[in-house]
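Going by numbering that gives the first Met the number 0, 186 is the number at position 187 of the sequence shown; the sequence numbering is gapless. Positions of the beta carbon are idealized from the N, C-alpha and C atoms, including for glycine. Inspection log for the structure reproduced underneath, given as structure tokens.
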Amino acid sequence: MTMSAYLWSTARDLRAVVMPAIEDAAVRETLHNGLRIITWIANALEADAPDGTTAPGGTGAIADTDRLGGPPENAAAWRGSGVAIAACANRLDTAEEGALGVEAAAIAWEKAALDQAIARVDAIEYGTVQADGDGPGHAIRLAPLQEYLQRRFGAPNLAITSFKPIHGGRSRQTALFGIEGCATLPREMVVQRGLPGGGAGPGFIGEAVQFDLIQDLLAAGLRVPTPVLVETEDPALGAPFMVVERARGTCCEPDFWLAPGDRSIVLDLAREMALLHRHDPGRLGTLLPQARKAWDEAGWLAELDDLARGWHAACHWPSVTMSAAIAWMRANAACIKDRRGLVHNDFLFHNIMAENGRITGVLDWEMTSIGHPGEDLGYAYPLISGTGHWDAFLKTYRDEGGAEVSQREIDYFALRAGLRLMNMVMAGGRDIFESGTADGVLPASAGAHFSQRLLHRIAGVLQEVLARDAERIAA
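Here's what the structure looks like:
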């Protein structure tokens with residue numbers, strides 16, 4: 000696996016998924032030129048020519064493709080061959096008449112190598128490119144859903160008037176849709192389907208349990224979408240699915256990993272989190288996963304050892320930040336008090352709908368478990384701290400009946416959340432891409448971008464945690 004594979008996957012998905020959706024000619028041409036740059040850089044990062052050959056006279060040394068100028072000029076696309084190419088070119092520059100015959104094999108090789116490079120680029124630029132994962136069962140389809148609703152509700156005139164699949168879920172597939180012709184159903188709804196074949200993994204709860212959980216939380220006063228139906232047996236959509244009424248408003252996250260600028264939404268999140276954490280799940284508690292087997296210091300240390308082993312097994316590079324975070328958690332595990340309750344495990348703005356400064360719906364309950372309330376607080380800490388409203392958030396959370404969790408415990412859970420998420424990114428994104436199990440821009444981005452952004456976030460949290468430690472010592 001070379002870094003070029005990340006670029007090839009990105010180029011293929013941009014060409015297959017994004018290009019067909021662009022109608023503006025100027026925008027389309029900008030994307031086209033961007034794809035040309037990506038594919039040529041991908042060629043420049045390849046270790047060998049596509050057929051695996053190296054230039055005649057190759058020394059095995061690694062060439063600096065930036066200094067050699069890159070593939071369009073001198074075929075230094077293949078770093079294992081670049082030194083030989085440069086040496087041959089130098090001999091031709093300085094040799095006497097007759098050198099062309101001596102170097103005929105190298106001349107022919109460079110032409111063949113460029114032929115292969117152009118063919119690989121043309122396959123994306125001009126060929127028919129299929130999007131990764133495009134095919135039977137990949138997306139929720141309108142017709143089977145409409146037929147199912149007509150049959151279930153005895154409404155032959157029911158028609159789906161709008162239908163929009165939502166991109167982004169790795170464990171579930173979602174689509175927004177509107178209907179007419181059935182007075183007993185909401186006009187605007189959302190369908191969520193498990194992955195065909197059940198690929199979500201053991202940390203995710205099924206649609207039936209989610210449905211019961213959302214009903215329970217709605218009755219308790221949480222702002223969650225109103226459940227409409229759950230289906231676990233009918234094969235209409237190829238996997239279990241549930242339908243809920245669409246929440247009003249829009250997603251709170253203005254862009255990837257950014258918090259909303261509206262302070263009232265931040266404080267509203269604190270209220271919803273407090274309400275969740277103080278809610279008694281009753282019988283649902285037996286249906287939800289237990290976050291861990293032991294809740295004493297030894298249990299936390301055992302969990303940390305597992306997380307640390309996961310990091311060290313997966314990382315391609317050592318990290319002072321990650322090693323320091325693990326060391327801090329190991330030294331401070333004793334601070335955690337035994338508190339248990341409902342934990343969302345992804346309670347942040349990308350899963351929040353809001354309108355006019357108020358939350359209208361908390362979404363994506365698929366990872367809910369019986370855990371420590373500090374897990375949600377620590378997960379939310381980096382983003383909310385960055386808004387400057389953390390103290391107000393925590394005060395609101397406590398005033399609304401949230402659990403008594405100290406800042407030191409939250410520090411632990413903030414670092415733990417980073418370590419846990421890093422392991423998930425490595426195993427569920429980068430590793431399946433690099434092993435060839437999955438292709439496409441989504442898993443590629445886990446290794447090429449998200450892991451570094453996440454490492455930066457963990458480093459920021461660690462800096463704040465160590466600063467608080469220094470203040471405590473000084474006091």
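- Query: Are Gly428 and Ala445 touching if we call contact CB-CB under 8 angstroms?
  - Reply: yes
- Item | Straight-line gap, Ala25 to His31 (C-alpha atoms, nearest Å) | 10 angstroms
- Minimum C-alpha distance to Thr350 - residue among Gly356, Gly370, Ala154 and Gly360: First, the residue type needs correcting, since residue 350 is Asn and not Thr in the sequence shown. Closest by alpha carbon: Gly360.
- Task: Report the option in Phe152, Leu306, Cys87 and Asp211 whose CA atom is closest to the CA atom of Val101.
- Result: Cys87
- Task: For Val120, I'd like the list of residues in its chain whose CB is within less than 6 angstroms of its CB, leaving aside the five on either flank, ordered along the chain.
- Result: Thr38
- How many angstroms separate the CA atom of Val424 from the CA atom of Met321? 14 angstroms
- Query: Would Ile36 be called buried (16 or more neighbouring beta carbons within 10 Å of its own) or exposed?
  - Reply: exposed
- Message: So Glu206 and Gly193 are supposed to be a Cβ contact under 8 angstroms. How far apart are they, rounded?
- Response: 6 angstroms
- Kindly indicate the opening and closing residues of the beta strand (DSSP E) around Met477. Because the chain here runs from 0 to 474, residue 477 falls outside it and cannot be looked at.
- Task: Look up Lys110 in the DSSP assignment and give the residues it is bridged to.
- Result: Bridge partners of Lys110: none, in fact.
- For Val342 versus Pro372, is the C-beta spacing smaller than 8 angstroms? yes
- Message: According to DSSP, is Ala332 part of a helix, a strand, or is it coil?
- Response: helix
- Message: Judging by CA-CA distance, which residue of Val223, Pro253 and Ala330 is the nearest neighbour of Met272?
- Response: Val223
- Which residues DSSP lists as bridging Arg151, in chain order: Paired residue(s): none; Arg151 is not in a bridge.
- Task: Please state whether DSSP places Leu362 in a helix, a strand or coil.
- Result: coil
- Counting only the same chain and skipping the five closest in sequence on each side, list residues whose C-beta sits under 6 angstroms from that of Pro185. Glu244
- With a CB to CB cut of under 8 angstroms and the five nearest residues on each side skipped, what residues in its chain are close to Cys314? Met321 and Met425
- Query: So what does DSSP say about Ala15, is it helix, strand or coil?
  - Reply: helix
- Have a look at Tyr396 and Gln172 and give me their C-alpha separation to the nearest angstrom. 32 angstroms
- Opening and closing residue of the alpha helix (DSSP H) in which Glu296 lies: Glu296 to Ala313
- Item | Residues near Leu283 in its chain [Cβ-Cβ closer than 7 angstroms; skip 5 each side] | Asp211, Leu212 and Asp215
- Within 10 angstroms of its Cβ, does Tyr125 collect 16 or more other Cβ (buried), or is it exposed? exposed
- Message: In whole angstroms, give me the CA-to-CA distance for Cys251 and Leu266.
- Response: 13 angstroms
- Task: Drop a sphere of 10 angstroms on the beta-carbon of Gly417, count the other beta-carbons inside from all chains shown, and report buried for 16 or more, exposed for fewer.
- Result: buried
- Which of the three DSSP states, helix, strand or coil, is assigned to Val404? coil
- Distance CB(Leu190)-CB(Val229) smaller than 8 angstroms: Checking the sequence shown, residue 190 turns out to be Val, not Leu. No, these two residues do not count as a Cβ contact at 8 angstroms.
- State the DSSP-derived secondary structure class of Glu230, mapped to helix, strand or coil. strand
- Item | Residue environment, Leu99, which counts as buried when at least 16 other CB atoms sit within 10 Å | exposed
- Can the beta-carbon of Arg347 be found less than 8 angstroms from the beta-carbon of Tyr378? In the sequence as displayed, the identity of residue 347 is Leu instead of Arg. It is a contact, given that the beta carbons lie within the stated cut-off.
- Task: For Ala473, count neighbouring Cβ atoms within 10 angstroms of its own Cβ and tell me buried if that reaches 16, exposed if not.
- Result: exposed
- Query: Apart from the five residues on each side of it in sequence, which residues of its chain come closer than 6 angstroms, Cβ to Cβ, to Ile325?
  - Reply: Ala307
- Query: According to the neighbour-count rule (16 or more other Cβ atoms, all chains shown, within 10 Å of its Cβ), is Asp410 buried or exposed?
  - Reply: buried
- Message: Is the separation between the beta-carbon of Ala10 and that of Ala41 shorter than 8 angstroms?
- Response: yes
- Message: Quick check on DSSP: helix, strand or coil for Cys250?
- Response: strand
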